[in-house]
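Residue numbers (this note's numbering), protein chains in the order written: chain Y, 1 to 201; chain F, 1001 to 1634. Every residue gets a Cβ at the ideal spot worked out from N, C-alpha and C, and that includes glycine. Keep in mind the model is a prediction, meaning the values are calculated, not measured.
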Amino acid sequence: MTKEFNVLITGVGGQGVILISELLGEAAVKDQLKVRGSEILGMAVRGGSVTSAIRLGEDVYGPLIPTSKCSALVGMEPSEALRNITCLSKSSLVILNTAVTVPFTVPLGQSSYPSLEAILEKLNKAAERVIQLDAAKLAQEAGSLLTTNITMLGALFGTGRLPIKVSTIKEAIEERFPAKLAPVNMKAFDLGYESCRRALK
Amino acid sequence: MKELTITSDAPGERIFVLGNEAIARGAIEAGVQVAAAYPGTPSSEILETLAGVAKELEMYVEWSVNEKVAFEVALAASICGVRAMASMKHVGVNVAHDSLITANYIGAKGGLVLLSADDPWAWSSQNEQDNRYIALQAYMPVLEPSSVQEAKDMMADAFKLSEQFRQLFMLRSVTRIGHARSDIVLGKISREKRKGKFVKNRDWLVYTPREARINKPLMLERFDAIKKAVNTLPYNQLKLVRGAKLGVIGCGLSYSYTLEALKWLGIEDKVSILKIGTPHPLPEELVIKLLKSVKEVLVTEEIDPFVELHVKAIAGEHNIAVKIHGKDLLPRVGELSTRKVTEAVIKLTGAKSPVDFARLDKLAEETTPLLPWRPPALCPGCSHRASFYAIKTASKRVARDYGQDVEAIYPGDIGCYALAYNPPLEAVDTTICMGGSFGIANGLSHVVDAPIVAHLGDSTFFHAGIPPLINAVYNKANITMVILDNSATAMTGFQPHPGTGHTAMGEETVQLKPEDIARACGVKFVEVIDPFDLKAAAKTIEAAIRFDGPAVVVSRRLCTMIDQREKRKRKEPIIPYFVDQDKCSGKCNACIELLGCPAIIKEDGKTIIDQALCTGCGICAQVCPYKAIIEVSQ
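Below, the structure written as structure tokens:
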């Protein structure tokens, strides 16, 4: 029985962060797991930072992941993954989409964006392992840039650590999308999954 | 098997839901027949969920013009014997406050529940008030859930309790309940349908001083009965551990953080715990039992020390010598967390910390300077950006005539447009409450000598903007009032309102126009502009500011998110703009520095437009001094 498995999904408004957590939650219920979670949106209708927690297992009560207790961090955007570094420990995995989204404050000269190397160095030091992914490229290969989040979900399952069955999450994806969109999402999932498997080899 | 939905009458089955959907489900299980609300984060999804199933379940659901009206709609139904609820964010309860206090003298006939969605850390609010204090003042019993499941169960029970004790109940949700996600086990749906019946009863319903004096003692009696009953409600649970030195009283969601903290520390079997589901009134017998059995007590609760103060009062009254901690070890500001409770418990017990918090804090401190600032921004194509550009252009022209150092003042309001306080727009000088922009502008006009240009959105105008507009006419306030009309309650999720022409249940209705209301209220200068025509818009706003007396400008353009959605439906192309690099100097940055549109970015020193983000509003093309920004189709 799963005691505690915590997934934190981080990104930017509009990247489909919440959809990932909804799919995880729906699949978890199908697999008879206890689920808790919550999202932090702030006032981010568009463009602001978004994080969403999904917690699975019998020992989970609160909706948010306590400091350092993240099992897997799904980083849809590098700097947003870094923003949540204190949720990591040496037993956490990070699945990182390397595509950068620069906030408007950078061209305005009000803040600066760190180099990808600096981000990776920090994350590598904090986590057990960082798995990098060009999710947008894989999504395009699957047929639509809009499936970037599903590619990341596939990669998350590619780690082999989730207490949810791959067949169950696929069922949840199929139920979620209209018949016409299900295949492209399924392909995106598989590409992400395989990409993560290869990285872990 | 058929897929389960929020209306499935499938007791015992599990579904995965948002907290606010669970609260709506609780009301559905109780057979609520009337639900009213005004949108406000983190409460909006409750009524949205109910509106979506209202016809199927034969309920009446409405988006009211404001929270006071919403509450009165529910109160009226209750008086007529029908189960009813009003849901609102914490500050919405302030708006309903006037009816609320007297409503408790009336009590409830049909079960009546007020859902207050408090927002610790003010994630999407102007303050983090603790509405249990409003409940205290109103003698209104409060249920506070520790989880999404309990929020659903409590909501269903609240209607029964309200009828049993003939009193209005509050369910206090918080952001981390309403916007949490969880599996829940469904209960049975009540199919009882009642017909409302109004019985004339002066003693009960007509509040002159006489009736206040008749009904207050009756209300106190009802409250005393509730005070006894809460000791045996399942939402309050005492777990005494023999020999425990520490007792923790966890209220609502804080109980969950507490359980998790004690497990993390590995001392869950060494501490006595009192779970509180009714912070008002407290289960006094259970509190006394705990206080007598331990040496020290820690109260965990979100925002203010409400339970803590009452526990201290109980200890004092019963002469129990026990040290009571709470907000001396836990913050009054922000949400609680497993970590915060863990650290408080470590201070009291000396238990070994499960992780090196200091190291993590140091890591956060080192990381923060690396991070880019990513504030939420007005969307690309947002009409407000254009309105603010026009407002500022016009105001600057007029301010010059007032004197060299004079700047226009921009009282602002609650909605997406509050985001314009960020650079580069910086067009919001005050944001206090719904309708506060026009009210503050009234006052400013009598004490300062500067152009005053107040602005609020269409939904906010209907909610609380009309009385201060009338006040400006009546008291001759020389102000400009701009109504940023994007035909949506955009910030909370595009709920319909009196200006949209349709109701919560999707019915067509009269479409009210702010300009008609302004004219009817006696405003002599009323103009409607299209903000996307920057020059004309600025010219009209300038005339409004120069007008002697209150002036109204309605800046009308559909919310870009709705506009794009509709265009996609119609299969109409969205034609973005691009920067002609031959004409762009790359150095003037006017488009970036004047507008702050997230679609305009810099790449290798070049100014470019992100084609995926650009909606083709064309505002940047109008401000570019080099005419370097052009439509893609050209």
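I need the boundaries of the beta strand (DSSP E) containing residue i, first residue and last residue.
i: H1384/F; result: Segment S1383 to Y1402 is the alpha helix (DSSP H) holding H1384/F; no beta strand (DSSP E) there.
i: Y1060/F; result: Y1060 to W1063
Distance check for residue j and residue i, CA to CA, integer angstroms please.
i: D1486/F; j: I1452/F; result: Position check: residue 1486/F holds Asn in this sequence, whereas Asp was assumed. Looking at the two C-alpha atoms, the distance is approximately 22 Å.
i: D1610/F; j: G1436/F; result: 36 Å
i: F1159/F; j: L1240/F; result: 31 Å
i: E1021/F; j: V1073/F; result: 22 Å
i: V1623/F; j: Y1060/F; result: 49 Å
i: M1001/F; j: E174/Y; result: For M1001/F, the predicted structure reports a pLDDT of 46, less than 50, and the residue's modelled location is therefore unreliable. A value from the coordinates is still provided. M1001/F and E174/Y: Cα-Cα distance of roughly 15 Å.
i: S112/Y; j: G75/Y; result: 19 Å
i: S1099/F; j: L1456/F; result: 25 Å
i: P1411/F; j: T1540/F; result: 19 Å
i: L23/Y; j: F1525/F; result: 53 Å
i: K1109/F; j: P1305/F; result: 32 Å
i: G1439/F; j: L1469/F; result: 8 Å
i: V12/Y; j: A1321/F; result: 52 Å
i: E1211/F; j: D1203/F; result: 6 Å
i: A1261/F; j: K1152/F; result: 24 Å
i: T168/Y; j: G192/Y; result: 16 Å
i: L138/Y; j: R1083/F; result: 52 Å
i: D1401/F; j: A126/Y; result: 59 Å
i: R1181/F; j: T1102/F; result: 36 Å
i: G1039/F; j: C196/Y; result: Gly is not the amino acid found at residue 1039/F; the sequence shown has Pro there. Each residue's alpha carbon lies about 42 Å from the other.
i: V1142/F; j: L1136/F; result: 9 Å
i: G1250/F; j: A172/Y; result: 36 Å
Using beta carbons (cut-off 7 Å, strictly below), is residue i in contact with chain F?
i: I18/Y; result: no
i: T98/Y; result: no
i: V130/Y; result: no
i: P114/Y; result: yes
i: M186/Y; result: no
i: F157/Y; result: no
i: T26/Y; result: According to the sequence displayed, residue 26/Y carries Glu and not Thr. By this cut-off, E26/Y is an interface position.
i: P66/Y; result: yes
i: T86/Y; result: yes
i: V29/Y; result: yes
i: P183/Y; result: no
i: G11/Y; result: no
i: G75/Y; result: no
Under 7 Å between beta-carbons, which chain Y residues line up against residue i? List them in chain order, please.
i: K1263/F; result: D59
So, is the C-beta of residue i closer than 7 Å to a C-beta in chain Y?
i: M1001/F; result: Confidence at M1001/F is low in this model, with a pLDDT of 46, below 50, so the placement of that residue is unreliable and no value is reported for it.
i: L1363/F; result: yes
i: D1183/F; result: yes
i: E1308/F; result: no
i: I1574/F; result: no
i: F1578/F; result: no
Going by DSSP, what residue range makes up the alpha helix (DSSP H) through residue i?
i: C1620/F; result: I1619 to V1623
i: D124/Y; result: Note on identity: in this sequence residue 124/Y is Asn, with Asp being the wrong assignment. Element bounds for N124/Y: L116 to A126.
i: M1491/F; result: Premise fails: M1491/F is in no alpha helix (DSSP H) and is neither H nor E.
i: F1159/F; result: V1148 to F1165
i: F177/Y; result: No alpha helix (DSSP H) contains F177/Y, which DSSP labels as neither H nor E.
i: V1345/F; result: T1338 to T1349
Is residue i near the ligand ATP, going by C-beta to nearest heavy atom under 6 Å?
i: V1510/F; result: Because no ligand of any kind appears in the structure shown, any question about the ligand ATP cannot be addressed here.
Cβ closer than 8 Å: which chain Y residues qualify as neighbours of residue i?
i: G1596/F; result: F104 and L108
i: V1355/F; result: T67, S68 and S89
Name the chain F residues that come within less than 7 Å of residue i, Cβ to Cβ?
i: E171/Y; result: Within 7 Å Cβ-Cβ: nothing; E171/Y doesn't reach chain F, min ~11 Å.
i: S111/Y; result: P1372 and W1373
i: S79/Y; result: L1371 and P1372
Along chain F, in chain order, which residues have C-beta atoms closer than 9 Å to that of residue i?
i: R36/Y; result: S1147, V1148, A1180, R1181, S1182, D1183 and S1256
i: S21/Y; result: R1181
So with CB distances below 8 Å, who are the chain F contacts of residue i?
i: A126/Y; result: L1363
i: L162/Y; result: Under the 8 Å cutoff, chain F gives no residues; its nearest Cβ is about 16 Å from L162/Y.
I want to know whether the stretch 1303–1314 of chain F touches the stretch 1338–1353 of chain F - three or more CB-CB distances under 8 Å. no
With contact counted as at least three CB pairs below 8 Å, one residue from each stretch, are the stretch 1220–1240 of chain F and the stretch 1189–1209 of chain F in contact? no
Per the contact definition of three or more C-beta pairs closer than 8 Å, is the stretch 1007–1026 of chain F in contact with the stretch 1035–1045 of chain F? yes
Pair every Cβ in the stretch 1003–1023 of chain F with every Cβ in the stretch 1177–1187 of chain F, then say whether three or more of these pairs are closer than 8 Å. yes
The stretch 1487–1495 of chain F touching the stretch 1442–1449 of chain F, judged by at least three CB pairs closer than 8 Å: no
Is it true that the stretch 1123–1140 of chain F meets the stretch 1162–1175 of chain F, where meeting means three or more beta-carbon pairs spaced less than 8 Å apart? yes
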